[in-house]
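The structure appears right after this line, and notes come after that.
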Amino acid sequence: MTADWRLAVDIGGTFTDVVLFDGISGQVVVDKTLTTPSAPLDGVRTGVNQLLAKAGVRPTDITAPIVHATTLITNALIEGKIGRAGMVTTTGFGDTLLIRNEHRYDMYDLQIEFPAPPVPRERVIELTERTTPQGVVRLAPSESELKIVADQLRAAGVEAVGVCLINSYANPANERVVTEYLRRELGVPVCMSSEISPQIREYPRMITTACNAATMPVIGPYLDELQKWLASEGFGGAVLMMLSNGGVVAADDAARAPIRLVESGPAAGALAGSWFARRMGEDRLLCFDMGGTTAKSCLIVNGEPELTNTFEVARIYRFKKGSGFPVSAPSVDLVEIGAGGGSLARIDELGLLKVGPESAGAVPGPASYGRGGTKPAVTDADLTLGYLDPAFFLGGDMTLDSRACDAAIQSVATPLGLSAADTAAGIHELVNENMAAASRMHAVEQGADLRGITVLAFGGAGPLHACGVAELLESSRVVFPINASVLSAFGTLVTPVRIDLARSMVRPMANFDHPGADLDERDHLLTELRDEGRRVLSAAGVLSKNIRFRYGVDARYLGQGNEITIWVGEGDSWPATYAKVVELFEADYRRIYGLTIPDVGVEAVTWRLSAFADASPVEPKTVVPTIKAAPHHTRPVRFSRGTDPIDTPVYRRAELALGQRIVGPAIVEERETTAVIRPHWTAHVTADGSLVAEWKVKG
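Quick note: the sequence shown uses this note's numbering, first residue 96, plus one each step.
Following this line, the structure appears as structure tokens:
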């Protein structure tokens, strides 16, 4: 065998990234093309075909699984471009999606707004049935009423259905009856909460199920179309989808639970950051991923990103927790803000300059794309400042329109009474401030201080802004990895096959200290979770002998209303004693709250299992030149407001030699992105091709 080609795809809001990696030679080939939001497969086809032609590889040469990350689910929920879904719930609970959890994210806003539920009230059907919190079925749904429910959903023209019955986490029997009946009668995708989110608390469980149902008609047809195209072209590998938790699963499992894909792309970037942290020997690393639509920040500690069991999507106000949908989907813990290359600048009602969260996206894109955009975007500001070469964007394959860019910037500069240059600098600085503030707040929520942390900059726009953001964070080291623009797509190649499962069973932890009914019930629950984990990983091509299990529990003191998640170890069965679980719980509780509560018992709420297999080793080979490169040319670049442009040397990334030192200011260009080395920074090239920049504060 002369090659082991592996293909990765990442659909972003503005660009679709594709990566080819040869597991034998270590060769990496990358490409980037504009995303086609109305027909995402078009962009994927274009990118893959361009990449194969560049690498001289045929589709039949690719027999390994094709890994895929996407923002399709997130964007569908944010933009409301979802399927026509219906919901079935227990009589008396039809208003749950409207009542929410009665939490007001702003106590003093009399006109407080929430996003419209993904399933409107008129398509929420109530059904007479009842299961107790202990899992006893008191009333099963009748055949006659199921027929009425099916007729109502059919008349509503639903494309998918979610089933969320009261207390189904304790016993899913009634949900299974309803789900099987509706699948048979309606012929549309049907999901049930006992599979999607079998956990206590009605609103999070129902909104998660509703979001899942509403996005099944989005992802299902796309994955069907993608797999048919891949088969017709001769690709031999199956499709694996990147999940929000930092794992991948088979496409069919992803289609059944698309809510698990809500942070698919950003999670891939975080996993790439984790891979780099281990290679660089960095205990702490801040992943700074800035693309065309959003910027993401993720803290890596001890080589791993933090995980969270809930994630809020489609916020009305991006920085206000509680203004979106709190879905119960395991996710890499990161912060995402509307600060990408396509983020639009505007003047608010107070006459102040604002940037984002609105984005030009791929259509029409920033004004400089020459595709009809007229509002100034961050990319337009970067072009005006001289950071970008209009003739070398995407290596010259996509020439930027300087005239349209100037007109867009001037449309904001004139009302502000500023020059176009100072307005562009203001846009650049403002978006840097937004990203630094969000990163800092994210770190504070984790009890971390970002001062002095190494920043890993990637995404198409990340290297342009990283040094500016690092200065605001008081960080003096930025790493620009090789192929930084497509690092999230590369991250899918270093991702393990993994599924995180959970099920609520509320019991005092002391009940599991000795043999009895509760211990038997827990072991039965964990057996079912292990069986489901094995099924998912086997479907993704993992051999049974390679599957490992990790166990956790959401626990709280008796009488409390919130839990913390503790992980207790790996094994083929529950690996920890009662005393060890309490010890771990109290240690974590003390870390978070600064104290423990004596003489109060600990209660288990939700049991968690992570089924995973180690990722295939990925060792890219980079050939770094040995002869130092001279600047390709120079051009005037402005680095702050109110200053004159500086004649700045421009280097080509591929020409830089091992150990070559660059003194800022400097511009380092490659086909897919540009690194801006600001004044008072120096940079050097490492053996793996990374460009490492360090900051020496003036004076």
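Don't be surprised by glycine CBs; every beta carbon is placed ideally from N, CA and C. All figures in this text were calculated on a predicted structure; none of them were measured in a lab.
Residue i, buried or exposed, once every other Cβ within 10 Å from all chains shown has been counted against 16
i: Y276; result: buried
i: S392; result: buried
i: R535; result: buried
i: G794; result: Any answer about G794 is weak, because its pLDDT of 45 lies below 50 and its placement is not dependable; what the coordinates show is given next. It counts as exposed.
i: G108; result: buried
i: G491; result: exposed
i: K127; result: buried
i: L447; result: exposed
i: L102; result: buried
i: V113; result: buried
i: T738; result: exposed
i: R351; result: buried
i: N641; result: exposed
i: H619; result: exposed
i: Y646; result: buried
i: F110; result: buried
i: H537; result: buried
i: S785; result: buried
i: P693; result: exposed
i: R686; result: exposed
i: V123; result: buried
i: S821; result: Nothing can be reported for residue 821, as the shown portion of the chain is limited to 96 through 794.
i: R703; result: buried
i: G696; result: exposed
Beta-carbon spacing of residue i, residue j below 8 Å
i: D99; j: A584; result: no
i: K384; j: F553; result: Here the sequence assigns Asp to residue 384, which means Lys is not the residue at that position. Cβ distance < 8 Å, so D384 and F553 count as in contact.
i: Y746; j: A782; result: no
i: T169; j: V408; result: yes
i: T155; j: G419; result: no
i: P132; j: G386; result: no
i: K449; j: D201; result: no
i: F188; j: E297; result: yes
i: I762; j: Y482; result: yes
i: T721; j: L753; result: yes
i: S426; j: S339; result: yes
i: A120; j: K675; result: Note on identity: in this sequence residue 120 is Ser, with Ala being the wrong assignment. Cβ atoms of S120 and K675: not closer than 8 Å.
i: S463; j: L495; result: yes
i: L381; j: L394; result: yes
i: F707; j: V592; result: yes
i: V430; j: A533; result: yes
i: E524; j: R736; result: yes
i: A516; j: T479; result: yes
i: R602; j: D613; result: yes
Beta-carbon separation (whole angstroms), residue i vs residue j, contact threshold 8 Å
i: A795; j: L568; result: The structure shown has nothing for residue 795, since the chain only spans 96 to 794.
i: I177; j: A345; result: Actually they are not in contact, since the Cβ atoms of I177 and A345 sit about 23 Å apart, beyond 8 Å.
i: G257; j: A180; result: 6 Å
i: I295; j: Y264; result: 6 Å
i: A424; j: T303; result: 7 Å
i: G628; j: L653; result: At roughly 30 Å, the Cβ-Cβ gap does not stay under 8 Å, so G628 and L653 are not in contact.
i: V787; j: H779; result: 6 Å
i: T226; j: I261; result: 7 Å
i: I504; j: A476; result: 7 Å
i: D649; j: T701; result: 4 Å
i: G636; j: A333; result: 7 Å
i: P726; j: P744; result: 4 Å
Selected residue, minimal CA-CA separation from residue i, among the options
i: G329; options: M337, R153, M493; result: R153
i: L167; options: C306, I157, G554; result: C306
i: T184; options: V272, A650, V422; result: V272
i: A390; options: A365, G435, R373; result: G435
i: A710; options: T191, G142, W370, L129; result: W370
i: V406; options: H775, P452, I354; result: With the sequence shown as reference, residue 406 is identified as Phe, and Val is not the correct amino acid for it. For the residues H775, P452, I354, the minimum Cα distance to F406 belongs to I354.
i: G437; options: F488, L380, A556; result: A556
i: G586; options: A362, S288, L147, A134; result: A362
i: P576; options: P236, A372, R625; result: A372
i: D428; options: V718, P712, G364; result: G364
i: G433; options: V697, N527, D137, P212; result: N527
i: A671; options: I659, G611, F607, A565; result: F607
i: R300; options: I220, G360, V232, R598; result: R598
i: D683; options: V719, G542, T769, E767; result: G542
i: P210; options: I220, T223, L222, L192; result: L192
i: N397; options: E623, M375, Y412; result: M375
i: V125; options: P774, M604, E767; result: E767
Closer than 8 Å to chain C by CB, residue i
i: L478; result: Considering every chain present, this structure includes no chain C. It has just one protein chain.
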